[in-house]
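Count along the sequence shown starting at 1, add 74, and that's the number in my numbering.
What follows is a set of notes on a single structure, which appears directly below.
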Amino acid sequence: MSRLYGIPDDWKACTDDFPTLSSNEQGIVEENVSKYFRYQDDVYSDGRIQLFIRQHVSYLNYSLRKLPQAYQSPSGGFGGGPGQLPHLAPTYAAVCAVCIINLKEGYQMINRKTLQDFLISLKTPDGSFRLHEDGEVDVRGVYCAAVAARLTSIADPELFKGTPEWIARCQTYEGGIGSVPGMEAHSGYSFCGFAALVLLGHEEVIDHRSLLRWTVRKQMQLEGGFQGRTNKLVDGCYSYWQGGLFPLLNLVLFMKGDESIDLEEWLFDDVALQEYVLVCCQHPKGGFFDKPGNGLSVAQHVGNQYKTKVVVGDPENELAPTHPVYNVHPGHVIDMQQYFNALPPP
Numbered sequence: 075m076s077r078l079y080g081i082p083d084d085w086k087a088c089t090d091d092f093p094t095l096s097s098n099e100q101g102i103v104e105e106n107v108s109k110y111f112r113y114q115d116d117v118y119s120d121g122r123i124q125l126f127i128r129q130h131v132s133y134l135n136y137s138l139r140k141l142p143q144a145y146q147s148p149s150g151g152f153g154g155g156p157g158q159l160p161h162l163a164p165t166y167a168a169v170c171a172v173c174i175i176n177l178k179e180g181y182q183m184i185n186r187k188t189l190q191d192f193l194i195s196l197k198t199p200d201g202s203f204r205l206h207e208d209g210e211v212d213v214r215g216v217y218c219a220a221v222a223a224r225l226t227s228i229a230d231p232e233l234f235k236g237t238p239e240w241i242a243r244c245q246t247y248e249g250g251i252g253s254v255p256g257m258e259a260h261s262g263y264s265f266c267g268f269a270a271l272v273l274l275g276h277e278e279v280i281d282h283r284s285l286l287r288w289t290v291r292k293q294m295q296l297e298g299g300f301q302g303r304t305n306k307l308v309d310g311c312y313s314y315w316q317g318g319l320f321p322l323l324n325l326v327l328f329m330k331g332d333e334s335i336d337l338e339e340w341l342f343d344d345v346a347l348q349e350y351v352l353v354c355c356q357h358p359k360g361g362f363f364d365k366p367g368n369g370l371s372v373a374q375h376v377g378n379q380y381k382t383k384v385v386v387g388d389p390e391n392e393l394a395p396t397h398p399v400y401n402v403h404p405g406h407v408i409d410m411q412q413y414f415n416a417l418p419p420p
């Protein structure tokens, strides 16, 4: 078995001699992942793993034709479809979609005044944000609000007063960040919480080394992908939600003078992550699985203004770099912020 695909010949799942439902499921996943790696090793002995670019584009085009149009609410923000309440998640998605399209007409479509009113209406006294009117509170709402506010230049200290302190209360004893104070650490919430702190300029309120320690331990030894929580299964989506934490932590710790940080190398196995995404998560007709039975760009483009590249397989697998906070092309983020920064406050 080639070490390129990360499977020692004598690999055996660890159960601590106390098998449980979770360990049994982990064993099944490892068996399936091993089959995918072995098949890939047999078919592509030269190691040129391929990203099915044409199939993924076709899959996305087909899927987009079936989506309803997202509407901007008269009261501010965006709903997920016709007649739906405005919600922070589709608002975040809509603003990022406008950024991806990168056209002035898209920028002009956003009503900044009602968007600001919408965000203010969802702010709670403790600094958190509801996801929609009378909806639940969790750290995703903070991230969605911060992204929408920063990209459209409507953020102000009052809007996010108390928010960094609330996020700090969500950091758990493990080091990761939970959905709300007192809840279990989770990869998606950890990214949302820390990325929001970066956007708000208050990274200092949490324990960075503790978060880094928790994050590096979430990469699975055999699979190469990330799990979302302790003792959970690998999942392709955390390639971004977990992997996206590393550029942010690298930068923050480097700026603090941490000599152990290298801006030309991530603190996770970027080759193993690409192998997992490319070998185990691609559907031959386009699209991705969570596991056999995504976050590829962050593993290819390392810090240092994205000058360092680690591309597994065919050179054509290389994707464009993405901004680690917004998951959008860095140039598009700059264009959108420059446009809105030149406008007066709403």
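We treat Cβ as the ideally placed atom computed from N, Cα and C, and that holds for glycine.
Quick caveat: nothing in here was measured; it's all calculated off a predicted structure.
- Close CB contacts of Y181 within its chain, under the 8 Å cut and outside five residues either way in sequence, are with V172, M410, Y413 and F414 (chain order).
- Short of 8 Å from the beta carbon of D191, and not among the five residues preceding or following it, lie these beta carbons of its own chain, in chain order: S149 and G150.
- Looking at the DSSP output, V308 bridges to Q301.
- Annotation for L159: G153, H206 and E207 place their beta carbon closer than 7 Å to its own, counting only its chain and skipping 5 residues before and after.
- Taking F265 as the centre and dropping the five residues before and after it, the same chain places the C-beta of W315, G318 and L319 closer than 6 Å to its C-beta, in chain order.
- A check of alpha carbon separations from D212 across T198, P389 and G405 identifies T198 as the nearest.
- Looking at the DSSP output, Q190 sits in no beta bridge, so it has no partner there.
- For F320, the uninterrupted alpha helix (DSSP H) run begins and ends at L319 to M329, by DSSP.
- Below 8 Å, too few C-beta pairs join the stretch 268 to 281 and the stretch 305 to 313 to call them touching: fewer than three.
- Residue pairing for R204: DSSP places it in a beta bridge opposite V211.
- The criterion of a C-beta distance shorter than 9 Å is not satisfied by N135 and P366.
- Three or more beta-carbon pairs drawn from the stretch 164 to 179 and the stretch 214 to 221 are found closer than 8 Å, and the two stretches are therefore classed as touching.
- In the displayed model, I184 falls within coil according to three-state DSSP, outside both helix and strand.
- A residue is called buried when at least 16 other Cβ atoms come within 10 angstroms of its Cβ; P358 does not meet this threshold and is exposed.
- Within a 10 Å sphere around the beta-carbon of V131 sit fewer than 16 other beta-carbons, which makes this residue exposed.
- The three-state reading of DSSP puts K292 in coil, since its state is none of H, G, I, E or B.
- Comparing alpha carbon positions, the residue from A416, V351 and G101 closest to Q114 is V351.
- Sixteen is the threshold: since fewer than 16 other Cβ atoms of the shown chains lie within 10 Å of the Cβ of K235, the residue is exposed.
- In the DSSP assignment, C170 falls within the unbroken alpha helix (DSSP H) covering L162 to I175.
- For the options Q293, V385, F328 and L325, the alpha carbon positioned closest to that of D343 is the one of Q293.
- D364 and Q124 do not touch by the CB rule: their CB atoms are close to 20 Å apart, not below 8 Å.
- A direct Cα-to-Cα measurement between P238 and Q348 gives close to 33 Å.
- Per DSSP, the beta bridge partners of F362 are Q356.
- Cβ-Cβ distances below 6 Å link Q146 to F152 in the same chain, with the five nearest sequence neighbours on each side left out; the list follows chain order.
- Y263 sits buried, since 16 or more C-beta atoms from the chains shown fall within 10 Å of its C-beta.
- Within its own chain, the residues whose Cβ lies closer than 8 Å to the Cβ of A163, once the five positions on either side in sequence are excluded, are G154, L205, R214 and C218, listed in chain order.
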